[in-house]
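In terms of our numbering, the sequence shown opens at residue 8 and continues consecutively. Worksheet: one structure, shown below.
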Amino acid sequence: MKRAENWKWGSLYHWKQGSTEPQPLLSPWPQRRKPGWAAHVNQPLTANEQQALAHSIQRGAPFGDDAWTTQTVKQLDLESTVKPRGRPRKAEKGS
8 MKRAENWKWG
18 SLYHWKQGST
28 EPQPLLSPWP
38 QRRKPGWAAH
48 VNQPLTANEQ
58 QALAHSIQRG
68 APFGDDAWTT
78 QTVKQLDLES
88 TVKPRGRPRK
98 AEKGS
């Protein structure tokens, strides 16, 4: 699949087709799409975005900008997905 709007099970496909029929597995879009939305969606991820997405998948953590991620972590009690794994290191004596 070369472009996101060609995937017929996605919301972008239905939006580009001009469909107004409710889709059983898709939630209504929460806000108006910005001009050039399809082009934005089809841009490849940067190396940093790919790394962050892989980390989110591995940990089950929300994927988004810092403000949204912080809000979502608090709202859904997902603190364990964004903290380092394992026990915290013991502080060295004398420090």
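Each residue gets a CB set at the ideal place from its N, CA and C atoms; glycine is no exception.
- The Cβ neighbour count for Glu-99, taken over all protein chains shown within 10 Å, is under 16; the residue is labelled exposed.
- DSSP, read as helix, strand or coil, puts Asn-13 in helix.
- Straight across, the Cα-Cα distance linking Gly-93 with Glu-86 is about 13 angstroms.
- For Asn-55, the closest C-alpha among the options Gly-71, Glu-28, Pro-37 is that of Gly-71.
- Contact between Asn-49 and Ala-11 holds, since their C-beta atoms are separated by about 6 angstroms, short of 8 angstroms.
- Taken in chain order, the complete alpha helix (DSSP H) segments of 4 residues or longer contained in the segment 45-85 are 54-66, 73-83.
- Val-89 is positioned such that its CB atom lies no closer than 9 angstroms to that of Ala-61.
- In its chain, beyond the 5 residues on either side, Ser-18, Trp-22 have a beta carbon closer than 8 angstroms to the beta carbon of Trp-36.
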